[in-house]
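Notes to accompany the following structure.
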Amino acid sequence: MYIPTTTLIASAATISSLYKAQILTNRSINNGMTLKIMPFGASITAGQDSTNRNGYRLKLQQLLEDDGIKVSLVGTFTGGDMPNGAFEAKPGKKIYEMDQRAQADGSYDYKPNVILVNLGTDDCNVGPTDLDAAPGDYSMLLKHMKAKNPHATIFASSLVPNLNHETDTCITRLNKGLEEAAMKAKHGGQKVVWVDMNQAVPRMDINVNDKTHPNDEGYDLMAQAWYEAIKANSAMISAADPKGKAAPMVADSRKTDDEPTGKVQEKPTKSC
Numbered sequence: 001m002y003i004p005t006t007t008l009i010a011s012a013a014t015i016s017s018l019y020k021a022q023i024l025t026n027r028s029i030n031n032g033m034t035l036k037i038m039p040f041g042a043s044i045t046a047g048q049d050s051t052n053r054n055g056y057r058l059k060l061q062q063l064l065e066d067d068g069i070k071v072s073l074v075g076t077f078t079g080g081d082m083p084n085g086a087f088e089a090k091p092g093k094k095i096y097e098m099d100q101r102a103q104a105d106g107s108y109d110y111k112p113n114v115i116l117v118n119l120g121t122d123d124c125n126v127g128p129t130d131l132d133a134a135p136g137d138y139s140m141l142l143k144h145m146k147a148k149n150p151h152a153t154i155f156a157s158s159l160v161p162n163l164n165h166e167t168d169t170c171i172t173r174l175n176k177g178l179e180e181a182a183m184k185a186k187h188g189g190q191k192v193v194w195v196d197m198n199q200a201v202p203r204m205d206i207n208v209n210d211k212t213h214p215n216d217e218g219y220d221l222m223a224q225a226w227y228e229a230i231k232a233n234s235a236m237i238s239a240a241d242p243k244g245k246a247a248p249m250v251a252d253s254r255k256t257d258d259e260p261t262g263k264v265q266e267k268p269t270k271s272c
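The sequence shown maps to residues 1 to 272 in full-length UniProt numbering.
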């Protein structure tokens, strides 16, 4: 039986397309589940000092989408030049401040199924700090996240190195407390994964001018660390609550210097 060459070529192309689609499905998370990700933190999460202010967010989205994973970033803030650059972060805020802001602003109404937490640098970097209280503030933050989004998987990370010696010493101490708080929450039944961002980003990839924020290479390394953690723990991730708010349009979200709608209560601090 004669089969036209064009038919054979078309059939081969179809098989190739199906094969590629199957590969992407196999590499995706939980058979194509959409990841509704809330990047949560302060200025590093906002992408400060990165060239296009996308921080780690754009690279992470690209890594996941290259695996055929659908990604939706959510939060009440936007930044950078990426189409969907939403996040929940405010530069200069300590742990308890971001905790209060998120509750006051209804941030958890998005009901993400993944929350990436990189928060605490400003507990060492901004004004007087009661360092012993910070891990407790972190525990309270995780508790509130669980109350608002009980099925969300929290990827909690250590803080990146700081080129200021005093601040870096504080960060080293605080990282231990943050990890203990994260593990306590995990042992209490919360879906928490600890990501060692301090080891993922070397000192050479911290901005030498402000000594605090990663450079572009450092942000890419953060994206890689988040990506690997998400892929390694994909079985923990549940589908996002369909009742959650949709990913915001850029025009509908606030920029990083806007104030929240709710009032943030100031917490007295002690000298570190």
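Ideal Cβ placement from N, Cα and C applies to all residues, glycine included.
Check                                                                                                                      : Outcome
Own chain, CB closer than 6 Å to Asp-81, minus 5 neighbours either side, in chain order                                    : Asn-52
Cut-off 6 Å between Cβ atoms - residues of its own chain near Lys-94, not counting five sequence neighbours on either side : Asp-122, Asp-123
Rounded distance between the beta-carbons of Ala-156 and Val-126, thought under 8 Å                                        : With a Cβ gap of about 20 Å, Val-126 and Ala-156 do not count as contacting.
In chain order, each beta strand (DSSP E) run of at least 3 residues that lies wholly inside the region 142–200            : 153–157, 192–195
Endpoints, alpha helix (DSSP H) assigned at Lys-36                                                                         : No alpha helix (DSSP H) contains Lys-36, which is instead part of the beta strand (DSSP E) from 35–41.
Rounded straight-line distance, which links the Cα of Ile-171 to that of Ala-182                                           : 16 Å
For Leu-64, the first and last residue of its enclosing alpha helix (DSSP H)                                               : 57–66
Distance between Lys-59 and Asp-49 (C-alpha atoms, nearest Å)                                                              : 15 Å
Whole-angstrom distance between Val-71 and Ile-29, CA atom to CA atom                                                      : 11 Å
When Asp-67, Leu-221, Ser-43, Gly-41 are compared against Asn-31, the one with the closest alpha-carbon                    : Asp-67
Local Cβ density within 10 Å of residue 276, reported as buried at 16 or more and exposed below that                       : No information on residue 276 is available, as it lies outside the stretch 1 to 272 that the chain covers here.
4-residue-minimum alpha helix (DSSP H) runs that sit fully inside the region 71–139, ordered along the chain               : 95–105, 121–125
Range covered by the alpha helix (DSSP H) that runs through Gly-218                                                        : 216–232
Of the residues Val-160, Ala-223, Asn-164, the one placed nearest Asn-209, counting alpha carbons only                     : Asn-164
Residues bridged to Ile-206 (per DSSP)                                                                                     : Pro-214
Whole-angstrom C-beta distance between Asn-113 and Leu-35, which should lie under 8 Å                                      : 7 Å
Coil, strand or helix - Ile-44 by DSSP                                                                                     : helix
Close Cβ partners of Asp-216 (< 6 Å) along its chain, the five nearest in sequence each way excluded                       : Ser-50, Thr-51
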